[in-house]
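> Chains as they are written, first to last, in this note's numbering: chain A, 86 to 195; chain B, 360 to 472.
Using N, Cα and C, we set each Cβ at its ideal position, and we do this for glycine too.
Predicted, not measured: the structure shown is a model, and the values here were computed from it.
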Amino acid sequence: EDKVVQSPLSLVVHEGDTVTLNCSYEVTNFRSLLWYKQEKKAPTFLFMLTSSGIEKKSGRLSSILDKKELFSILNITATQTGDSAVYLCAVLYYGQNFVFGPGTRLSVLP
Amino acid sequence: DAGVIQSPRHEVTEMGQEVTLRCKPISGHNSLFWYRQTMMRGLELLIYFNNNVPIDDSGMPEDRFSAKMPNASFSTLKIQPSEPRDSAVYFCASRGQDHQPQHFGDGTRLSIL
């Protein structure tokens, strides 16, 4: 069965801390992995990763994919309270099929 | 730029009633996706369309659920009859070219009493 697993499921840190969120997957005919941030409403797109070993970076956020070990990490440095959200990992596979992980709920305390 | 537009934002109705959720994708996007999100099951893909044609509806939970996309700028998700376990947030998302990310609407929060 195609699946995406995320860990931890929830995380509480203080402002300034660095966090690493994990996503592992088992799918047929992997195409790409996506990270989304969901606050109160719709998930908003962060990164799309297709190739192994190439880091994508946007400000304090960065992500990398390992297609051999079937996982990705999302790093957030110098966290701020505005980073508090659910971070979703999704995998696109076999055509246009998407499967989402359960998400990691990040809480950043002042 | 207008994003994906969903309506209504909230819907509260009694079980047994018909519910219709609406979605307007981003102009020029040729793929449209309907998702359901609950605390227990997370985000689940229900159905997706490519160029207005339903491609995969294996995620639709039951025959009570149906989705249509009569043209490139409009889609509906209908539940008839509705049940309390259908209560969830329903998201619509659209995508342009292949290998591009999906863009989500703000969702419809559905409560079936």
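Taking 8 Å as the cut-off, does the region 420 to 435 of chain B touch the region 395 to 412 of chain B (at least 3 CB pairs, one atom from each stretch)?
At 8 Å Cβ cutoff, the stretches touch.
> In whole angstroms, give me the CA-to-CA distance for V193 (chain A) and P420 (chain B).
Near 36 Å, if we compare the C-alpha coordinates of P420 (chain B) and V193 (chain A).
> Three or more C-beta pairs under 8 Å: does that hold for the region 163 to 170 of chain A against the region 92 to 112 of chain A?
Yes, they touch.
> Cβ atoms of F392 (chain B) and Q407 (chain B): under 8 Å apart, would you say?
Sequence inspection shows Tyr at residue 407 (chain B); the Gln mentioned does not correspond to that position. For Y407 (chain B) and F392 (chain B), yes; Cβs fall inside 8 Å.
> Does the separation of the CB atoms of G464 (chain B) and A452 (chain B) fall below 8 Å?
In contact: G464 (chain B) and A452 (chain B) (Cβ atoms closer than 8 Å).
> Would K122 (chain A) be called buried (16 or more neighbouring beta carbons within 10 Å of its own) or exposed?
Under this definition K122 (chain A) is a buried residue.
> Using DSSP bridges, identify the partner residues of A426 (chain B).
Note: A426 (chain B) sits in a beta bridge opposite B:L436.
> Nearest-angstrom Cα distance between A127 (chain A) and Y394 (chain B)?
Answer to the nearest angstrom: the Cα atoms are 11 Å apart.
> Measure the alpha-carbon distance for Q396 (chain B) versus C382 (chain B) and round it to whole angstroms.
So the alpha carbons of these two residues sit roughly 16 Å apart.
> Just grab the DSSP bridge partners of E370 (chain B) for me.
Answer by DSSP bridge pairing, in chain order: B:L469.
> Relative to chain B, which residues along the region 159 to 191 of chain A have a C-beta separation below 9 Å, given in chain order?
Going along the region 159 to 191 of chain A in chain order, one finds L173, A175, L177, G180, Q181, N182, F183, V184, F185, G186, P187 and G188 with a Cβ nearer than 9 Å to chain B.
> For E111 (chain A), collect the residues of the same chain with a Cβ closer than 7 Å to its Cβ; drop the 5 residues on either side in sequence, then sort them by chain order.
D87, K88 and L155.
> In terms of residues, what are the limits of the beta strand (DSSP E) holding L402 (chain B)?
Note, L402 (chain B): beta strand (DSSP E), G401 to N409.
> Tell me, which residues are paired with Y394 (chain B) by DSSP?
DSSP lists B:L404 and B:F450 as partners of Y394 (chain B).
> Give the DSSP bridge partners of N182 (chain A), in chain order.
In DSSP, N182 (chain A) forms a bridge with A:Y178.
> Kindly indicate which three-state DSSP category R444 (chain B) falls into: helix, strand or coil?
Helix.
> Could you check what DSSP says for T113 (chain A) in three-state terms: helix, strand or coil?
In this structure, T113 (chain A) counts as coil in the three-state DSSP scheme.
> Helix, strand or coil: which one does DSSP assign to D415 (chain B)?
The answer is strand: DSSP assigns D415 (chain B) an E or B state.
> Applying the 10 Å Cβ sphere with the 16-neighbour rule, what's the burial state of I438 (chain B)?
Buried.
> Can you list the residues of chain B that P128 (chain A) reaches, using a CB-CB cut of under 7 Å?
By Cβ distance, chain B contributes F463.
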